[in-house]
Amino acid sequence: MTDGPDLSPPRLSLHVPEPAVRPGGQPDFSNVKIPNAGSVPRPAVDVSPEDIRDLAFSIIRVLNRDGEAVGPWAGLLTDAELLEGLRNMLKLRAFDARMLMAQRQGKTSFYMQHLGEEAVSCAFRKALEKGDMNFPTYRQAGLLIADGYPMVEMMNQIFSNEADPLHGRQLPVMYSSREHGFFTISGNLSTQYVQAVGWAMASAIRNDSRIAAAWIGDGSTAESDFHSALVFASTYKAPVILNIVNNQWAISTFQGIARGGAGTFAARGLGFGIPSLRVDGNDYLAVHAVAKWAAERARRNLGPTLIEYVTYRVGAHSTSDDPSAYRPKTESEAWPLGDPVLRLKKHLILRGVWSEERHVQAEAEILDEVLEAQREAESHGTLHSGGKPSVRDIFEGVYADMPPHVRRQRQKAGY
Amino acid sequence: MARMTMIEAVRSAMDVSMERDETVVVFGEDVGYFGGVFRCTQGLQAKYGKTRCFDTPISESGIVGAAIGMAAYGLKPCVEIQFADYMYPAYDQITQEAARIRYRSAGDFTCPMVIRMPTGGGIFGGQTHSQSPEALFTHVCGLKVVVPSNPYDAKGLLISAIEDPDPVIFLEPKRLYNGPFDGHHERPVTPWSKHELGDVPDGHFTIPIGKAEIRRPGEAVTVIAYGTMVHVALAAVEETGIDAEVIDLRSLLPLDLDTIAQSVRKTGRCVVVHEATLTSGYGAEVAALIQEHCFYSLESPVLRVTGWDTPYPHAQEWDYFPGPARVGRALQDVMEG
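These protein sequences, in sequence, are chains A and B.
For the first sequence, the working numbering assigns the number 1 to the initial residue and increments by one for each residue that follows.
For the second sequence, the working numbering assigns the number 416 to the initial residue and increments by one for each residue that follows.
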């Protein structure tokens, strides 16, 4: 053997990202850089995407630590609108709590809650107009709540009872309401993102004034449909708002697995020439302000906007998930952007239009409202007891007109 | 009436539909300015403008996904997938989305759209330009699947598909675009102008989806085919001199079981022919239905003549393609059986 230089190529190794902490460790969000509220400028809606590239790496925030609304994105909502926003978030939270309980009681098979993410869908809905269309995922029920969709209808769907508007065909929470601008939820991931772009293109083709909103989670941005959606939105300047809800966790997979080497999810939009912004998803005012900005761009035919909502999934992914298996139990308490309900409450108290007493009273009123809706829904049955959709409903609606082979099968089933 | 190739017939169907209904839009790869790689959309952009007929990025899931959104809005998209072999990236959008939107939303949203795709081999397209993936669609509830075998049907069926309230997969046998190819690749192709089914009305007419057509009445055996194989079957019948009844299915989903059952009960024998691979192919469904509905009339086992269970080869195309000789052998076998 000689001691000559080692000419063999260096050995490769595979990089697999890991979250900062696992169960048993101390929660650590030091990697989440949080600018001060009010510090991010509010550009004109016709700004060149080139000039606001930094907005894809910052976080637009309105509510500061003291509960004040500050900076250029503040001041869009009246007291009454903010109070309504708080009530909607409280309602969604109470609704979730009751439905989680109902799932544990065996009244339904499955549920997905919004805990910690209520501001995103509740505030966003208020930036849209009647006739606009959302293409949501399973964690945007605030779009329905904030638009006044009856809770009892949602529960009928969750319980798959005889009054279920979807006739028992869909997994719980996969709502559909054309009237309330809420496209039928699929249950698989990311397909709706490009459909939203198509809907927006159709509105533009017809010289309509309505716009669309696409929704996706951080994990599903890895799907090819996300990228198809961005290229179509970019190419045709579709009047669509492309929402990414980054709640840090895709079931057990931390957001770094889908994000890869990019700094942020919002940065995905930059390569497509789409104005891309990051916003504090737990700040009702910031979510609304940024959504309003994007909606105005879309309505003025300026094209798509990508928005990343930085938030945190406080609860489990679904009732089939146990987060303590993959993240520290106390992680949600360490989440630096706080709780959306408490932050808006604090702001409203500071404005002098709310108080601890009124808050407690409102919670009680809302709980009554939810319980009343639940009583009514349960009178139509729950998954395993009471009124059920007909077996006939299995066969109806596969096509507009039932073809002979489906009719034969229905008859065979005895209906 | 006008003499049309199948390309012209398909184009005419879209033209007539776009003229009658301004919610009909046409798009796909190379579909706009250029008019499609097979020229099926030639002239449509010039006539209807580029917001009703346009080019798209090379993204099949994008094309179909966007079309679903448009259909939900209220448009009637008629999109082109350049080759059926390219549809796989859109398969999720087709099977889990387009096919189920009516059902899962209980009619709150619907998905009236057409996905056109050239299908089948015979043009030396190799394994990614020759496939016949119809069985991947007929397995999906909520879709309709149509395969025309001539210009007249192509136009009438495509107009029906565009007017249908549900999603329709419209498979165009590309080897038939310019003439009724019967599998005799060594001979020059007769143009559609010399075929009676190349006579196509200029204006609006429809052919109902779900109705088969008997191309040749006969007593001895039933041959069930669609697309290119209709012409191959007719050639095989002529060459063997067997008095076969040749049924052109035209619609695979829904299927015209009545026409099939009536014929097989009469002949007692059946050969199912398709270009797609054998195993779990559409012929398996047809054969199963025949034994279920015509068992006591059968004189011999139902036979299938299909492409081999291999990828579609390039150089050996004519050893793969189930031509008239293979169909003829099956006809003789089924008569002896």
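In this text, a Cβ means the ideal position worked out from N, Cα and C, and glycines have one as well.
For A:L171, the CB contacts under 8 angstroms within the same chain, skipping 5 residues up- and downstream, are S109, F110, G187 in chain order. If you draw a straight line from the Cα of A:L342 to the Cα of A:N64, it is about 12 angstroms long. No Cβ-Cβ contact shorter than 8 angstroms links B:W607 with B:M485.
With 16 or more other Cβ atoms from the protein chains shown falling within 10 Å of its own Cβ, A:Q140 counts as buried. DSSP places B:S427 in the uninterrupted alpha helix (DSSP H) bounded by 421–435. With respect to A:G116, A:T311 sits close: the two C-beta atoms are nearer than 8 angstroms. A:L77 is the residue among A:V32, A:P165, A:R93, A:L77 whose C-alpha sits nearest the C-alpha of A:A286. Listed in chain order, the positions of the segment 516–550 of chain B with a beta carbon within less than 7 angstroms of a beta carbon of chain A are I516, R517, Y518, R519, S520, A521, G522, D523, F524. The segment 217–261 of chain A is shown to contain whole alpha helix (DSSP H) runs of 4 or more residues at 224–236, 256–259, in chain order. DSSP assignment within the segment 455–479 of chain B yields the following whole beta strand (DSSP E) runs of 3 residues or more, N-terminal first: 468–470. If you look at B:G698, you'll find it in the alpha helix (DSSP H) that goes 697–709. Sequence-distant partners of B:T692 (beyond 5 residues in either direction) whose C-beta falls short of 6 angstroms from its own C-beta, in its chain, are G722, D724.
Under the 8 angstroms Cβ criterion, the segment 463–480 of chain B counts as touching the segment 426–441 of chain B, having at least three qualifying pairs. For the 8 angstroms CB-CB criterion, B:P472 and B:M528 do not form a contact. With respect to B:S520, A:T184 sits close: the two C-beta atoms are nearer than 8 angstroms. Taking the beta carbon of A:W199 as reference, the chain B residues within 8 angstroms of it are G484, M485, A487, Y488, listed in sequence order. Identification of chain A residues near B:E512 by a Cβ-Cβ cut-off of 9 angstroms yields S186, N188, T191, Q192, Q195, ordered along the chain. A distance below 8 angstroms separates the beta carbons of B:G738 and B:V647. Rounded to whole angstroms, the gap between the alpha carbons of B:E732 and B:G594 is 19 angstroms. DSSP, reduced to helix, strand and coil, places B:G443 within a strand of the structure shown.
Within the segment 142–174 of chain A, the residues whose Cβ lies closer than 9 angstroms to some Cβ of chain B are D164, P165, L166, H167, R169, Q170, M174, listed in chain order. For B:R517, the uninterrupted alpha helix (DSSP H) run begins and ends at 516–519, by DSSP. Counting only the Cα atoms, B:Q706 lies some 19 angstroms from A:V406. Within chain A, the residues V398 have their CB atoms less than 7 angstroms from the CB of B:C556, given in chain order. In the three-state reduction of the DSSP assignment, B:P504 falls in the helix class.
Judged by beta-carbon spacing, B:V561 lies within the 8 angstroms limit of B:S666, meaning their Cβ atoms are closer than that value. Put simply, the CB of B:T674 is far from chain A, with every gap to its CB atoms at 8 angstroms or more. No Cβ-Cβ contact shorter than 8 angstroms links A:F124 with A:A377. Scanning chain A for C-beta atoms nearer than 7 angstroms to the C-beta of B:L664 yields nothing, as the closest lies near 14 angstroms away. DSSP lists A:N134, A:S177 as the beta-bridge partner residues of A:F182. The bridge partners DSSP lists for A:W215 are A:N243. At a cut-off of 8 angstroms between beta-carbon atoms, A:I205 makes contact with chain B. Assignment of B:D579 by DSSP, reduced to helix, strand and coil, places it in the coil class. Judged by their CB atoms, B:A640 and B:D671 are not nearer to each other than the 8 angstroms cut-off. Contact annotation: the segment 658–665 of chain B does not touch the segment 590–605 of chain B, with fewer than three C-beta pairs closer than 8 angstroms.
Across the segment 307–328 of chain A, no CB contact with chain B closer than 8 angstroms is found for any residue.
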